[in-house]
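If you read the sequence shown in full-length UniProt numbering, its first letter stands for residue 1, the second for the next number, and so on.
Note that the Cβ used here is the ideal one computed from N, Cα and C, for glycine as well.
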Amino acid sequence: MSVPSYQCDLTSNWSPISEHGEASTPSSALGHGEEKYPSDPDFLKDVSLVVIGDLEPVESQCPPEISTFKTISIIVVCLLGYILCISVNSIFAKYYHKIRRAHIEVAISIIVDARHADVQWISSTFKLGYCSFLLLTGRLADTYGHKFCLLIGLFLFGASSLGCAAARDLYLIAIFRGIQGVGSAAISPSLLGILSTSFAVGTHARSEAFATFSTGSPFGTALGLFCGGFVTHDAWLGWRKFFYAAFSLTVIISILSYLVLPPDLPRVVGKDRKQFDWFGGGMVAIGLLTLVSSISSLMHHGWTTNTLLAPLLISIFLLCGFILWQLHLERNGFQDPIVRISYLTNYSVGPVNIIAGLLWVAYADQNYFLNQYFQDYLHLSLQDTLIRFLPMLAVAIILCLITGRAAHRWSSPLLIVIGSIMATISCLLTCLLQPNASYWTFNFLSITLSIIASDFVFTVGSMYALQMSKESDQASAGALFLTFTQLTCVMGLALATLVQVKVTSDASEHMHVDVDFHEDMAEVPREAELEGLKAASWTCFASVLLGQSNSSN
């Protein structure tokens, strides 16, 4: 079939171009309840080719041409912003693991007069703020401008970093960490929206931009580990210095963003801004907040707490109500919904997001348990653990050079299949690891393949998600993609942790050892601890297999 051409109109989004070169009725002129997205499967097949560059992009879709220097500047600034968000989250995700060990636990407890059971909030509140506000901030970015929302997010991030550095109370640190998460939730989708609107669909620059941006995750994780290796040597000042450094970097990135990134285009008039769906935004933010907090409680306390079921049911109720409310808004059209449900049901965008989330488990959750294996089972220092994760940096640099070209030349399904195969092998190697084996036999290949898999999946998934969305929904589409990947990782980590605790507990009882997992992990027999880690890895492997089976369809 012939590929229908679409022209970009900032007010009416995508308009089909007839054979005579005239644009037909835009989607905004359609009656309420009519289809706003093409749904022809053949059209979708051809559009997916446009993403990877097999067809020439329609000229009217192209943003204004920019110089090579400007292109590189935009990509670098967006990458730095994403690395900042990931690294600040990563250091305390790994740092909490060290807090459970004596010298750091004592230092933190003396500084902020905290109980050991409360220290976990330092790590948890960032994830709560980040996951809960992605959808709301994504729609805000599309409404008020990507660059404007990015600068607001950087301001929140910088101010909260300064607050964390100066705080003397653990709960105050936890609050500022939550604000950091909200700031990151405003930064990440705004950056994706800026990349999407700066580079034309089907161009090599766009593929390079998204491929480079996706390497921000391994770069940020490695940077967080690297900083963690230093702050653990000077717990009294080290962790505060890290937040001061984060504040300084935020100021620098804010200045670069203001000077380098393209200005926002006029999007909506004041009357439309007053019709922003604050009710739906609040509903989904509270729903996701209670859901993530419930899952976090499940991971730390299991099903033993009676207070877990209530917030879990409340979150499900709120999220179901949010979906119904979004359907109502989309059908009646008096307000722009936070999430267009028709966008999820068309183009297979929903399944693609789910597949990306399931495969992302191979990178995020599997490496979390591999970090446990290095530090708790092998009793390596954080510096020695860092050395074993250094391939993240090397592979990320290589991926910056090759993934963009691969995404431009190869088909999207092929890249997803390659990524899923690498994720499967990576998890399998972790499941079969042997403590006496060389690092190069299992661990090196597992870490390396997980990074390649995550980079392929993030690049293709994010490009597809934004390509299939309206011009006015770019940040929202990016936020939805990030929400799926984050929630899948949170739920996967909780499930894998439950499996780990159950298997370790049963193995310990079989060895006639009674262990309290919330108080002292040092009493766990080494054989039981290894069995639990392998069981968690098999859970990640099952998640990846589920994603791979869906991707093959």
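Coil, strand or helix - residue i by DSSP
i	result
LYS502	helix
SER214	helix
TYR439	coil
GLU531	helix
GLU65	coil
HIS379	coil
TRP410	coil
LEU495	helix
PRO266	coil
MET392	helix
MET511	coil
LYS98	Only weak support is given to the placement of LYS98: the predicted model assigns it a pLDDT of 49, under 50, and the value that follows is read from those uncertain coordinates. Helix.
ASP142	helix
SER469	coil
LEU429	helix
PRO337	coil
VAL417	helix
PHE444	helix
VAL460	helix
ASP277	coil
VAL77	helix
ASP169	coil
VAL260	helix
VAL284	helix
VAL544	helix
residue 587	Here the chain covers residues 1 to 553 and nothing more, so residue 587 does not appear.
residue 569	Summary: the structure shown does not reach residue 569, with the chain confined to residues 1 through 553, and so no result is reported for it.
PRO189	helix
GLU34	Low confidence applies to GLU34: its pLDDT is 41, below 50, so where it sits in the model is not reliable enough to give any reading.
ALA536	helix
VAL182	helix
Span of the alpha helix (DSSP H), counted from its first residue to its last, around residue i
i	result
PHE199	Neither: PHE199 is in no alpha helix (DSSP H) and is coded neither H nor E.
PHE322	309-332
TYR343	341-345
GLY357	349-372
SER161	146-166
Whole-number beta carbon distance between residue j and residue i, since they are thought to touch under 8 Å
i	j	result
VAL290	PRO262	First, the amino acid is wrong: residue 290 is Thr here, not Val. Contact doesn't hold; Cβ gap of about 38 Å is too wide.
LEU195	CYS78	6 Å
SER132	LEU288	4 Å
PHE442	GLN434	7 Å
ALA211	ALA407	6 Å
LEU308	LEU318	That belief does not hold up - the Cβ atoms of LEU308 and LEU318 are roughly 16 Å apart, past 8 Å.
VAL349	LEU136	Not quite, the Cβ-Cβ distance comes to about 19 Å (not below 8 Å), so this is no contact.
Pairing CB atoms from the stretch 537-548 with CB atoms from the stretch 492-501, are three or more of them under 8 Å? With a cut-off of 8 Å, the stretch 492-501 and the stretch 537-548 count as touching, because enough Cβ pairs lie within range.
Stretch-stretch touch, CB-based, cutoff 8 Å, three pairs: the stretch 194-208 with the stretch 160-172: Touching, no, given that fewer than three Cβ pairs across the two stretches are closer than 8 Å.
Any 3 or more C-beta pairs closer than 8 Å across the stretch 393-400 and the stretch 216-225: The stretch 393-400 makes contact with the stretch 216-225: 3 or more CB pairs, one atom from each, lie closer than 8 Å.
May I ask you to verify whether the stretch 146-161 touches the stretch 338-348, counting CB pairs closer than 8 Å and requiring at least 3? Touching, no.
Quick check: the stretch 359-370 against the stretch 424-432, are there 3 or more CB pairs under 8 Å? Yes: at least three Cβ pairs fall under 8 Å.
Contact between the stretch 165-182 and the stretch 372-387: three or more CB pairs below 8 Å? Judged by Cβ distances under 8 Å, the stretch 165-182 makes no contact with the stretch 372-387, as fewer than three pairs qualify.
Should the stretch 473-483 be called in touch with the stretch 185-194, which here means at least 3 C-beta pairs below 8 Å? Note that the stretch 473-483 touches the stretch 185-194; at least 3 beta-carbon pairs, one per stretch, sit closer than 8 Å.
Pairs of beta-carbons, one from the stretch 411-421 and one from the stretch 460-468, closer than 8 Å: are there three or more? Judged by pairs of C-beta atoms under 8 Å, the stretch 411-421 touches the stretch 460-468, as three or more such pairs exist.
Does the count of Cβ pairs from the stretch 236-256 and the stretch 398-416 closer than 8 Å reach three? Not touching, per the Cβ criterion.
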